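*Asks:* Can you keep this structure in mind? I'll have questions shortly.
There are 2 protein chains.
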Amino acid sequence: MDPIQRLQPLIQFYRGRRRMPSVRELARLWGFRSQNAADKLARHLIARGFLAKDTTGKLLPSRFFYEVRILGTVEAGFPSPAEEELGDTMDLDEFLIKNKEATYMLKVTGDSMKDAGILPGDMVLVERGVEPHDGDIVIAHIDHAWTLKYLRKRGRKVWLEPANKRYKPIFPTEELKIAAVVIAVIRKYRDE
Amino acid sequence: MDPIQRLQPLIQFYRGRRRMPSVRELARLWGFRSQNAADKLARHLIARGFLAKDTTGKLLPSRFFYEVRILGTVEAGFPSPAEEELGDTMDLDEFLIKNKEATYMLKVTGDSMKDAGILPGDMVLVERGVEPHDGDIVIAHIDHAWTLKYLRKRGRKVWLEPANKRYKPIFPTEELKIAAVVIAVIRKYRDE
DNA sequence: TTGACAGGTGGACGATTGTCCACCTATACT
DNA sequence: AGTATAGGTGGACAATCGTCCACCTGTCAA
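Residue numbers (the numbering used here), protein chains in the order written: chain A, 848 to 1039; chain B, 848 to 1039.
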């Protein structure tokens, strides 16, 4: 039987109960009456990399529990089911968030960054406490207002630049404080 | 002591070991010599909603283990640390992925959707098997090539529309197969 | 001074845990 | 016919599990 299909009830259990099953729970999940059957099967899956175990012997979720399949580029399109197995996978959370404690999400209003592909209603993931570089998109506090712009640095000069011809660069008259650096943009369609 | 700070070693444990600690492990994590101390503290945290338990008594991660803080809009900027507690939080995975089995990620090439805020290099999260509506952005197989475009439907007529004036709408000469519907766009900056 | 109480130690309890052994099939191959 | 093997049953084992009891502090209010 396909190992991935064997994992399905496990993944369901993990999603629903937010923990991995014990060997006995595994047996029930797979319809075995003996724990040994489940144990043996689990060991096979572990040997083949579909599951993992603690040093204490407890089951651990593998990458198959978290990850989304990656399918190359749009041009390449969808592979046939046979090829699909080979596709790489990725953990979304890990991909997007390096430092959970310093990461925040904000909703974007206004279209001043639309040429950078950041539209009103988009969510931006920002991280505090990282060094802002020239060219980064940042959340800035400038002259008593908050804004999302490109950060520009030329020598001692620092200013903000929108990504929309209808707006002009902003040169700070009083203070310019970079609160956070944008590390990702997330846009969601079909909200239902 | 701040409950959130109490949770930190727990969250670290959970991230590193991919499971929740037992009561004894909890005690070690918090520097207690007795399991009872950890058990009592855990119950307090559970009563106040910072932790959760199984029906079997096992500890479960709460939302604090997954979620990213949400901070209103960019205009609102960053709240003071005091207000921050009130902020809403969100599970990124749950937010983006409804049906893990049917969700795939593709890298975007080409700039035909740039006016829709989808740039080359962006990642799109797509879902198979959902009904494509007029106006959805879809992965389509049209005349032997894969492409990412707006789907347009007028009565029996179906065609694809780019979001870039330099490109023209595409009317299928042979076949038009919608492989998947774009449910989210993810762009990552500062890849290091 | 007293008493309540939050917060800690140490240890006990039965239940559940991972592991593994003895054994029972089918199936496939020599 | 014989036999190796994959895949299952049932049950044993020590270790660990969650829970809870008895007891020992400090702190703070009456």
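Just so you know, even glycine gets a beta-carbon here, dropped at the ideal spot from N, CA and C. These numbers were taken from a predicted model, which means no experiment stands behind them.
Among Ile851/A, Pro979/A, Lys1000/A, Asp958/A, which residue has its Cα nearest to the Cα of Gly896/A?
*Replies:* Gly896/A has its Cα closest to that of Ile851/A, out of Ile851/A, Pro979/A, Lys1000/A, Asp958/A.
*Asks:* Assess contact between the stretch 904-912 of chain A and the stretch 943-953 of chain A, defined as three or more Cβ pairs (one per stretch) separated by less than 8 angstroms. Is contact present?
*Replies:* no
*Asks:* Between Trp993/A, Glu1021/A, His980/A, which lies nearest to Gly1002/A when the distance is taken from Cα to Cα?
*Replies:* His980/A
*Asks:* Taking the alpha carbon of Ala992/A as the reference point, which residue from Phe879/A, Lys1000/A, Leu1007/A, Arg999/A has its own alpha carbon closest?
*Replies:* Leu1007/A
*Asks:* Counting only beta-carbon separations shorter than 8 angstroms, does Tyr1036/B have a partner in chain A?
*Replies:* yes
*Asks:* Let me know the secondary structure DSSP gives Lys996/A once reduced to three states.
*Replies:* Lys996/A: strand per DSSP, three-state reduction.
*Asks:* At which residues does the alpha helix (DSSP H) containing Ile893/B begin and terminate?
*Replies:* 882-894
*Asks:* What are the boundary residues of the beta strand (DSSP E) that Ala1027/A is part of?
*Replies:* Boundaries of the beta strand (DSSP E) around Ala1027/A: 1023-1035.
*Asks:* Could you tell me which whole beta strand (DSSP E) segments of length 3 or greater appear in the stretch 935-1003 of chain A?
*Replies:* 950-954, 970-974, 984-989, 992-1001
*Asks:* Helix, strand or coil: how does DSSP classify Val827/A here?
*Replies:* Residue numbering for chain A in the displayed model covers 848 to 1039; residue 827/A lies beyond these limits and cannot be assessed.
*Asks:* Specify the secondary structure class of Arg916/A as computed by DSSP and reduced to three states.
*Replies:* strand
*Asks:* Would you identify the three-state DSSP class for Ala899/A, choosing helix, strand or coil?
*Replies:* strand
*Asks:* Name the one or two DSSP bridge partners that Glu872/A has.
*Replies:* In the DSSP assignment, Glu872/A forms no beta bridge with any residue.
*Asks:* Pop quiz: Met860/B and Pro868/B are said to be a contact at Cβ under 8 angstroms. What is the actual Cβ separation, rounded to whole angstroms?
*Replies:* Residue 860/B is actually Phe in this sequence, not Met. Confirmed, about 5 angstroms.
*Asks:* Under 8 angstroms, do Lys961/B and Asn1011/B count as touching if we go by C-beta distance?
*Replies:* It is a contact, given that the beta carbons lie within the stated cut-off.
*Asks:* Can you list, in chain order, the residues of its chain with a C-beta nearer than 8 angstroms to that of Arg999/A? Leave out the 5 residues immediately preceding and following it.
*Replies:* Asp981, Gly982, Val1005, Trp1006, Leu1007, Glu1008, Pro1016
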